[in-house]
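Chains as they are written, first to last, in my numbering: chain G, 92 to 220; chain P, 448 to 999. Ideal placement from N, C-alpha and C gives every residue a C-beta, glycine not left out. Report on the following structure.
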């Protein structure tokens with residue numbers, strides 16, 4: 092199906108909703124701001140409802156199913172590495188200790204980014220079939 | 448009673464006489480030396496209307512003391528008038544410098560469009576050009592609505608641009624006895640107090656940086672990214688992903704505070720954005736490329752990869768030169784001024800930029816020529832870009848020799864990274880954006896912690912910590928730790944955030960075009976028009992036909 096009028100309309104709706112929501116945040120201290128924020132978020136939600144409604148009409152991509160559990164595990168490990176680095180900053184005041192914690196945390200994150208998530212991405216890759 | 452009245456009148460008379468005497472004395476006093484000199488200079492200045500009516504071919508009559516605005520015509524020109532004009536001249540020079548550099552960075556969009564489209568197949572040319580074109584609008588709109596406020600809403604203090612005082616609302620969290628900046632709050636829609644001359648300048652300059660980060664992603668997802676999803680993803684990246692990290696590094700956020708709060712060097716230092724711009728774009732590109740999957744025909748059943756050749760190497764190389772030209776706005780412009788403390792390092796920053804681009808080209812070209820037998824054009828182009836990306840963070844803190852080393856390492860690194868991402872990770876990146884901007888950007892951030900020579904001094908402090916930025920090789924290991932924390936945040940947080948965001952978009956919108964559209968080329972199904980309608984397309988290679996039949 093490719094690009095369609097429905098896509099254009101739903102994207103317009105999304106932009107209108109985002110603009111209204113942003114205006115609401117900018118003037119949140121005023122009553123009109125709160126109203127604009129609620130209306131904006133509702134319009135954004137409506138645009139996403141439109142997106143998901145038209146998605147099946149757009150044809151099937153050449154993409155295998157990526158296992159959700161593995162993807163979540165990859166993200167969790169990546170975030171864990173980052174938290175290790177942040178934690179290391181407060182565990183020790185020494186530069187050497189913080190350097191070690193930073194390298195350790197980076198290594199953990201890289202396991203998530205360079206091993207688990209690529210594995211998830213190519214687990215059922217279409218080129219393997 | 449009479450005596451009292453007499454005394455009162457006498458006192459009043461005495462006060463009046465004294466006041467009169469003071470005024471007479473003031474009127475009779477000779478003008479101070481400086482005022483006299485100003486009047487003398489004004490009298491001698493050859494700028495009468497008669498003088499100027501004859502023309503000024505030598506440029507010696509135009510621009511004199513008589514051009515300094517006088518606030519009080521009766522008093523004439525005063526020292527305060529001259530001093531105010533000096534201050535305004537400083538800010539004027541810095542505004543002009545920053546704006547022109549911003550214009551140069553904006554033109555880099557044209558370079559990105561040519562590089563990315565040239566490295567894609569002709570059947571996707573219009574689509575790739577259009578992504579590079581429309582990302583400018585998507586990013587600008589989102590940044591004006593929300594992004595700028597998140598990034599710079601608490602970034603007051605740049606004296607080069609007059610202080611930026613309307614941007615003084617950073618949202619902090621208190622942790623372990625310190626306040627840590629999380630996001631800015633002022634500046635949405637550039638309305639209210641942020642309707643300010645200095646704020647407008649910093650908005651333009653920061654906006655074009657943000658758009659550079661967004662453009663990087665379009666390269667890694669080229670030839671298969673649904674235009675709708677690309678549009679929504681770019682808006683969200685310009686509104687949230689980029690501004691958040693940019694606030695932490697440049698907007699007074701917690702990464703910048705690592706020095707003042709924990710004594711880690713001068714905090715996370717990223718002069719012009721190897722991390723903030725390029726690595727943010729690079730890791731987001733990696734996240735999107737993983738979700739969207741490789742192009743049809745990129746990998747064979749045994750996991751080996753096929754080279755899918757781009758359609759126009761001349762566009763790639765010309766685009767690279769446009770980018771290299773724009774980089775002279777990117778790095779030297781990041782002083783945010785040409786007049787003020789440390790701003791005269793703009794020459795050093797520009798030369799460092801030039802050198803790293805040069806050695807980056809050598810690194811990639813010599814690597815390919817020595818190991819693969821040909822001085823590969825597309826990898827040489829990526830080597831130039833990788834060198835420029837890598838020097839972006841350290842350009843303001845290192846010397847020319849270090850710049851040459853940083854660029855050369857980046858040139859070799861990009862070749863190794865392209866091979867690793869393609870052959871080991873099985874991630875398809877048609878233009879090498881993940882390697883150029885992701886790997887090159889992270890290397891640039893790290894190199895600050897190694898090579899910063901402690902000679903730069905921008906007003907005596909950086910990130911609120913007095914002294915100059917100094918890396919491990921010049922005696923400060925703690926700066927390296929601050930840089931590693933930045934790298935960990937880019938990989939651990941920014942990548943994860945981008946991955947989850949684009950995963951959600953994949954669920955709602957679908958990231959990838961249909962197999963049918965991909966095989967036909969995206970120009971007609973997605974854009975409705977071929978990039979080159981009068982071209983005769985060549986037959987695709989055999990491996991591509993086999994893959995397309997398998998998918999069909």
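Span separating the alpha-carbon of residue 858 of chain P from that of residue 808 of chain P: The C-alpha of residue 858 of chain P lies about 6 angstroms from the C-alpha of residue 808 of chain P.
message: Rounded to the nearest angstrom, what separates residue 984 of chain P and residue 969 of chain P at their Cα positions?
response: Each residue's alpha carbon lies about 14 angstroms from the other.
query: Which residues, taken in chain order from the region 951 to 966 of chain P, show a beta carbon closer than 7 angstroms to some beta carbon of chain G?
result: 955, 956, 957, 959, 960, 961, 962, 963, 964 and 965
message: Am I right that residue 243 of chain G and residue 108 of chain G are in contact with their C-beta atoms under 8 angstroms? What's the rounded C-beta distance?
response: Look at the range of chain G in this structure, 92 to 220, and you will see that residue 243 of chain G is not part of it.
- prompt: What's the C-alpha gap between residue 991 of chain P and residue 759 of chain P?
  reply: Distance between the alpha carbons of residue 991 of chain P and residue 759 of chain P is about 19 angstroms.
- prompt: Which residues in the same chain as residue 583 of chain P place their Cβ atom closer than 6 angstroms to its Cβ, once the five residues preceding and following it in sequence are excluded?
  reply: Within the same chain, residue 583 of chain P has close Cβ partners 556 and 658.
task: Tell whether a beta-carbon distance below 9 angstroms holds between residue 838 of chain P and residue 721 of chain P.
output: Against a cut-off of 9 angstroms, the Cβ pair of residue 721 of chain P and residue 838 of chain P comes out as a contact.
- request: Using beta-carbon positions only, say whether residue 596 of chain P and residue 541 of chain P come within less than 9 angstroms of one another.
  value: no
Stretch-stretch touch, CB-based, cutoff 8 angstroms, three pairs: the region 691 to 702 of chain P with the region 747 to 761 of chain P: no
message: On the criterion of 16 or more Cβ atoms from any shown chain inside 10 Å, does residue 701 of chain P qualify as buried, or is it exposed?
response: buried
- prompt: In whole angstroms, what separates the C-alpha of residue 680 of chain P from that of residue 688 of chain P?
  reply: Each residue's alpha carbon lies about 10 angstroms from the other.
query: Between residue 783 of chain P and residue 603 of chain P, what straight-line distance do the alpha-carbon atoms span, to the nearest angstrom?
result: 13 angstroms
- prompt: Closest by CA to residue 176 of chain G, which one among P:938, P:980 and P:648?
  reply: P:938
field: Closer than 7 angstroms at the beta carbon, the chain G residues around residue 946 of chain P
entry: 166
- request: Identify each residue in the region 743 to 761 of chain P for which the Cβ-Cβ distance to at least one residue of chain G is less than 9 angstroms, and report them in chain order.
  value: 743, 744, 745, 746, 747, 748 and 750
- prompt: Considering only C-alpha positions, which residue in the set P:878, P:710, P:882 and P:820 is nearest to residue 834 of chain P?
  reply: P:882
field: C-alpha gap between residue 932 of chain P and residue 717 of chain P, whole angstroms
entry: 12 angstroms
message: Using a Cβ distance threshold of 8 angstroms, determine whether the region 499 to 519 of chain P contacts the region 548 to 566 of chain P, with at least three qualifying pairs required.
response: no
- request: Could you tell me which of P:842, P:948, P:563 and P:499 sits nearest to residue 766 of chain P, measuring between CA atoms?
  value: P:563
- prompt: Given a threshold of 16 other Cβ atoms within 10 Å of its Cβ, counted over all protein chains shown, does residue 980 of chain P qualify as buried or as exposed?
  reply: exposed
- request: Report the partner residues of residue 917 of chain P according to the DSSP bridge assignment.
  value: P:900
message: For residue 885 of chain P, which residues in the same chain have their Cβ closer than 7 angstroms to its Cβ, ignoring the five residues on either side in sequence?
response: Counting only Cβ-Cβ distances below 7 angstroms, and skipping sequence neighbours, we find 726, 729, 730, 732 and 733.
- prompt: In terms of residues, what are the limits of the alpha helix (DSSP H) holding residue 847 of chain P?
  reply: 847 to 866
task: Please list the partners that residue 635 of chain P has in chain G, where partner means a Cβ-to-Cβ separation under 7 angstroms.
output: 113, 116 and 117
field: Assumed close pair residue 812 of chain P, residue 830 of chain P - CB separation to whole angstroms, cut-off 8 angstroms
entry: 6 angstroms
- prompt: In angstroms, rounded to a whole number, what distance separates the CA positions of residue 601 of chain P and residue 631 of chain P?
  reply: 5 angstroms
field: Same chain, Cβ closer than 6 angstroms to residue 578 of chain P, neighbours up to 5 away in sequence not counted
entry: Correct list, in chain order: 665 and 677.
- prompt: By DSSP, does residue 721 of chain P sit in helix, in strand, or in coil?
  reply: helix
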